[in-house]
Structures are given as structure tokens and as C-alpha cells.
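To keep things clear, I will list the structure first and then write my remarks on it.
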Amino acid sequence: MCGIIGATGGDAVVETLLEGLRRLEYRGYDSAGVVLQGQGELWRARAARGTRSLEDLRRVVDGAPGPTAAGIGHTRWATHGGPTERNAHPHLDCTGRVAVVHNGIIENYRLLADKLAAGGHQFSSDTDTEVVAHLIEDELSGGVALADAVRATLRQVQGAFSLAVVCAGEPGTIVAARRVSPLVVGMAEAGEDGAAPAAYVASDIAAVLGHTRNLWALDDDQVVELRPQSMRVATLAGKEVEPVALQVDWDLEAAEKGGFDDYMSKEMHEQPRAVADTLLGRLLPAGTFALDELRIGPAQLAEVERVLVVACGSSHHAGLVAKYAFEHWARLPCEVDIASEFRYRDPVLDSRTLVVGISQSGETIDTLQALREARQWGAPVLVVANVVDSSMAREADGVLYTHAGPEVGVAATKTHLAQLAAMELLALYLAQIRGTLSPADARLLFADLSALPGLVGETLERDDAVAEVAARFTSTRDFFFLGRHVGLPVAMEGALKLKEIAYVRAEAYPAGELKHGPIALIEPGTVVLAVATRSPVWEKVMSNVAEVRSRGATVVLVANDGHEEAAAEADAVLWVPGTHPLFSPVVDVVPLQQFAYHTARAHGLDVDRPRNLAKTVTVE
Ligand code: AGP
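Take the position in the sequence shown, starting the count at 1, then add 1383; the result is the number in our numbering.
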């Protein structure tokens, strides 16, 4: 996700912007930029990773002309348009007298861009954000104030945004607004932050906490008009409102983690947003899909006769869930390979095999090499990645981006859930192309998909209950994770989390396979975690649970709310809300993430940087 900052007044607008961008760097960025507002003009500097860094930006900005009344800055995590200087924010209107920085996704930007282009506007980037600058330009041409122009503009915009705007005609004024994406406002009185009073706006507290603790949070569809000594907040309709004051007792480091103890827990709590943003704008009311960056057209996809998924780790588990979706919804045979194995099995592919690479980084060398091998067979390659223009995204025939934002913790959490959502989208889209899913049936499923972020949020709120269960097993050094159907990849992901952050041995096994050998390991005290949420094979899972309980195992179940018969068969239950069985991994994996997290914390381990692991494995 992107970071935005704005400052007006005070004695060091430029330094404030650069320091704020550095504080936002942890959010991950592929480009950055600032606009400084002098007396009657705007001055812009931008830097894209790989060409220039924030340090370079500082040097460029040091050459800025004259005194600066106000300024806005941005660190970009690309979603629409590649991570280039051309796409770096701030974006300008045609006259260069309006500048905008934005965090979020504008769903209807193509429609707005077409209308603006028809009105003679010239675009200089591939981003969704730039349409906002041109819309404000049009509104300002009617002689209104910047705040009114911004409100009129945002009444036309659909989607998520937190944004800040300056214009050459109003020195010292910053107008900012939010919908879904967070935005905080700060006011430093004279003397608090240097000699002169100042006002700030930022996408998160970390960027301004060093200047003031007088902070407010904007609510959805609120617009703030900021000057060094004044703040006016109003609705999109212009009705003045009181913003919510924030009581912040964090230090700066805690602020960068959003007040969480570590990035992993912060990113677990970003999972509802990650799923929502991955679905945003892609499920159309008509029961059809808008996967416009896919680049592989429906005609070619209609020729596909089988799907092969290649991935590693948590991404491989997402692929295993997707297998059920491809086969159930699209009636497409689907194989899922561990990428490092795929390349050496002498695979047989052809142009009718759709090869799907899943990789949050888009750089995992095993997966990258597997996709290169697949292309040599003439197979169309589609990548589900979280990093725009990553190596895999650049080399693939088509891309479906997840919009989880940067993930700092080595253990995949929000990117995994975003992958699950993206793969369901892909399977349903293929089903519609193949005629095995009607728009009417799709609309019913869209309701279930759209409810997932809320269900994930509800599950996250049960963290204390999971922590209590985890606390009972902190001395356990060996776990069995059982599952069937889509519950098996959930069990595999839960076992991986426990291994990689708590360093505890955990084996995930198909529940139906236990009787073919491993049940010999079950003895009194063996701890078994079983995924027993509603699925076509729920009764069978429960009979497998009974088998291990009768041999003395201690059983922890992941079970659906209200499934009291599950509780009767378990020593502890991790309750989750129910959803469509094929979508249930998005929810069911959450308590297993939490279980691993609390176990690791109980062992005093660093959950963000586990030993021996790297966030991206770029060596074979
Ligand atoms: C999962 O928590 C690990 N970080 C690891 O297994 C990861 O999923 C795997 O390395 C694949 O990474 P990718 O999604 O970036 O390709």
C-alpha cells in the first residue's frame, strides 16, 4: 500500500516531507516523490527504485527553488501501472498547477479517464490516481476554492482512497480526504514543532508523530482543509463535522507497526483489507468479472483444457485450495506442483495447458524457473503476484495481482489470504468463460466472496481464545495437523506457520490416510489439530478425529460456530464463522496463524524474522 504525507507551515516543510517518506518506507515502496508549493507555483521531484532512491530524492529536492509554503509527498506500492518514475506520485493536472498523492484503488478510473480524455485532457501516467488531478482541474476552472473542487471530484470517484492535494493558486493550503484507506491529521502549535505553527496529514501516524501528538482521524468521505493554524473538516456534501481526536501513546517504532508488537500481527490484522482490496472492482453487479490486467483474452482461455499450478510454500498451499475451485467451478482438471519438483519431472505440457504461477514476491527462483520451463512448451503462463512488475509478472503472458500491500513479516499471512481470494476469482472467471457458471449463480457466490473480509475480521477478534488454547501446548514439540478436501491445504499452511515461526515440528496429513500407517504414531498425549469445518467430507473428518481420540490423542479442532457436536469430540475448539466450503480456507487458516503466532511469542521468538529464513528465496 502507498504512503502519503503533507505539511503546511512550520519551519521545515521539505525536511518534514522527506523524513515522513523515510518513516513510510517500511510500508515498502517502488517509487517516491514530492511536490513543493511556492508562491504561486508547484515544483515536483520524483524517484523510482532502480533509478533513484529516497536519498537521491533528498538531493534533488535540496535544489528546489525559493521558500516552500506547503508540500505533499508519497511512497508508491504499485497497483495500477508499473513502478516507474512516470507513474510515481505526485500526479499533476494538464496545467501543472494541481498536484495529488493517493493511497488506494479508484475503481471507475477508466471511465473517468475516457471522459476526461474526450474533454481534451492529456495523461502522462498509467495510474488510476492521475484522473483525480484532472477532475480537480476541471472543477477549479469554475472558480471554486480547492476544497470545493476536491469535494465535487470525490463525489464522482468510486473505490478506496486517502489523498492529499495542493494547488498553485492557494499557497499554504492542503486539502485531503479519505474513503476506506486511513488518513490522520496533525496540528502543531507555535513552538511545539519549531518556531511556527504547522499542520500535517499522513496515511499513518508514524509519519507525523515526531512533530505533534495533536492528531485526528478522518472518517470515510470526510474532506479536511488544512492551513498552518486552521483545520476544517466537512463531508463530501460540504457539511462541517468534528473529526475524531486520537489519543496516541505510541513511540515511533510502535507507530510503524500500527501499534502492534510486530509486523506479523499487524499484517494478520490487515487481512480483511487485503482480501477486500484483491476483490475490489473485480466482481461486477451483473455477475461477471473485471480482470482487465489479465492480458490473456477469453478466447485463449476458452481453449484451455487443463490447469497446472506451480508455487512454493504458502503459495503452494493456495494452489492446492485452488485445485478444488478449478475442478468444481470450471470443470478443469488441475494439477498442483511444488515448483522445485516440477522442473525435474520431465512434464508434458502444450498450448492448452494454462500454467499458473503463484508467488507473493514474484521473484521466487524455483517458481520463476518453472514458469520459464512451461513457456518453452508453449503453455500460456499466468502469474498471481503481489508485486507489480516483479520478474514473474514481467515474463508471464498474463497477471492477476493480489492487492495485499507490502508484507514485511517473513511468514506469509495477508498475502496468502489474498492469493486464496485471487485464485477463487480466476477459477470462477474460467468457469464463466467455459459456460459452467451462469452470471446468476456467480452473483450468489459474489455475495459469499464479498462477505469474506468481514468473516476474517470476526475471526481475528477471537485471538484471545486462540491464545488461551495455544498456551496449553507451549511445551508440545510435535503436532499432527489433519484435514481433508480443502481442509488439507489449510492444515498444511497451519503446520508450516508453526514450523517456520515457532520452530515446532508439525506434520500435516490427509486425515483419510492416517489408517494407512501414520496412525501407529498416535498415543496418549499426541496433539492433533484437525480442520473440521463444514465440507463435503465433514463426517469423515470427524470419524478420523474419533479414531485418534480413541487412541489417546489430544484433539484441537477448527470448527464452525454452532457445530456443538464438534466440541463434544475435542479437547479444545478454535471456532470460526461458516462460509461456502470452497471459500472456507480464507477464514479457517486464520486461527492456525494465530496459534503459531502465540506459540512463537510464548517461546520468545522473533516472529518477523525467523531463523534461517528469507522473505524471498532467490536461490535454488
Ligand atoms: C511462507 O510463510 C514462507 N514465507 C514461504 O514458504 C513462502 O510462501 C515461499 O517462499 C513462497 O514465496 P513467494 O510467494 O514469494 O513465491
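Glycine included, each C-beta is placed from N, C-alpha and C at the ideal position.
As the structure is a computational prediction, the values presented were derived from the model and not from experiment.
When the Cα atoms are used, what is the spatial distance from residue i to residue j?
i: D1521; j: A1496; result: 13 Å
i: I1588; j: A1559; result: 15 Å
i: R1493; j: E1676; result: 12 Å
i: E1922; j: E1844; result: 28 Å
i: G1840; j: P1655; result: 6 Å
i: T1927; j: V1956; result: Sequence check: residue 1927 is Asn here, not Thr. Answer to the nearest angstrom: the Cα atoms are 16 Å apart.
i: G1792; j: E1438; result: 25 Å
i: G1987; j: Q1752; result: 37 Å
i: H1786; j: R1735; result: 28 Å
i: R1459; j: L1400; result: 14 Å
i: N1597; j: A1637; result: 17 Å
i: T1859; j: L1975; result: 15 Å
i: L1715; j: L1827; result: 21 Å
i: T1391; j: G1552; result: 15 Å
i: D1847; j: E1947; result: 20 Å
i: A1768; j: A1903; result: 41 Å
i: P2009; j: V1417; result: An answer regarding residue 2009 cannot be provided, because it is not within the stretch 1384 to 2003 covered by the chain.
i: E1724; j: G1389; result: 49 Å
i: D1602; j: R1678; result: 36 Å
i: S1360; j: K1498; result: Any answer about residue 1360 is impossible in this case: the structure gives the chain only from 1384 up to 2003.
i: L1732; j: A1757; result: 7 Å
i: A1543; j: D1632; result: 28 Å
i: A1997; j: A1885; result: 15 Å
i: Q1539; j: S1507; result: 21 Å
i: L1662; j: G1487; result: 13 Å
Could you tell me if residue i is buried or exposed, where buried requires 16 or more neighbouring beta carbons within 10 angstroms of its beta carbon?
i: R1427; result: buried
i: L1440; result: buried
i: R1867; result: buried
i: K1640; result: buried
i: L1667; result: exposed
i: L1635; result: exposed
i: R1888; result: exposed
i: P1466; result: buried
i: H1899; result: exposed
i: Q1759; result: exposed
i: G1952; result: It should be noted that the sequence gives Glu, not Gly, for residue 1952. Flag for E1952 reads buried.
i: D1509; result: exposed
i: E1876; result: buried
i: G1454; result: buried
i: Q1420; result: buried
i: P1448; result: exposed
i: R1429; result: buried
i: S1933; result: exposed
i: Q1802; result: buried
i: T2001; result: exposed
i: V1627; result: exposed
Tell me the DSSP secondary structure of residue i in three-state form.
i: H1799; result: helix
i: H1899; result: helix
i: V1558; result: strand
i: L1732; result: coil
i: V1770; result: coil
i: T1842; result: helix
i: V1972; result: helix
i: E1522; result: helix
i: Q1541; result: coil
i: L1592; result: coil
i: P1893; result: strand
i: T1909; result: coil
i: S1414; result: strand
i: D1604; result: coil
i: H1472; result: coil
i: L1425; result: strand
i: S1613; result: strand
i: T1358; result: Only positions 1384 to 2003 of the chain appear in the structure, and residue 1358 is not among them; the question remains open.
Practice task
Could you say if the region 1806 to 1815 and the region 1938 to 1948 meet the contact criterion of at least three C-beta pairs nearer than 8 Å?
Solution key: no
Handout entry: Inter-stretch contact (C-beta, 8 Å, three-pair minimum) for the region 1584 to 1595 and the region 1563 to 1572
Key = yes
Practice task
Could you tell me whether the region 1506 to 1520 touches the region 1469 to 1476, where touching means 3 or more Cβ pairs closer than 8 Å?
Solution key: The region 1506 to 1520 is in contact with the region 1469 to 1476.
Problem - Stretch-stretch touch, CB-based, cutoff 8 Å, three pairs: the region 1962 to 1971 with the region 1643 to 1651 - result: no
Exercise for the section: Please determine if the region 1769 to 1778 and the region 1736 to 1751 are in contact, where contact requires at least 3 C-beta pairs separated by less than 8 Å. Expected result: Yes: at least three Cβ pairs fall under 8 Å.
Practice task
Count the C-beta pairs between the region 1974 to 1989 and the region 1863 to 1883 that are closer than 8 Å, then say yes if the count reaches three, no if not.
Solution key: yes
Practice task
Count the CB pairs spanning the region 1992 to 1999 and the region 1845 to 1865 that are closer than 8 Å, and state whether there are at least three.
Solution key: no
Exercise for the section: Answer yes if the region 1478 to 1487 comes into contact with the region 1546 to 1565, meaning at least three C-beta pairs across the two stretches below 8 Å, and no otherwise. Expected result: yes
Problem - Contact the region 1750 to 1763 vs the region 1607 to 1626: 3+ CB pairs below 8 Å - result: no
Handout entry: At least 3 beta-carbon pairs within less than 8 Å: the region 1679 to 1686 vs the region 1700 to 1711
Key = The region 1679 to 1686 and the region 1700 to 1711 do not touch, with fewer than 3 CB-CB distances between them shorter than 8 Å.
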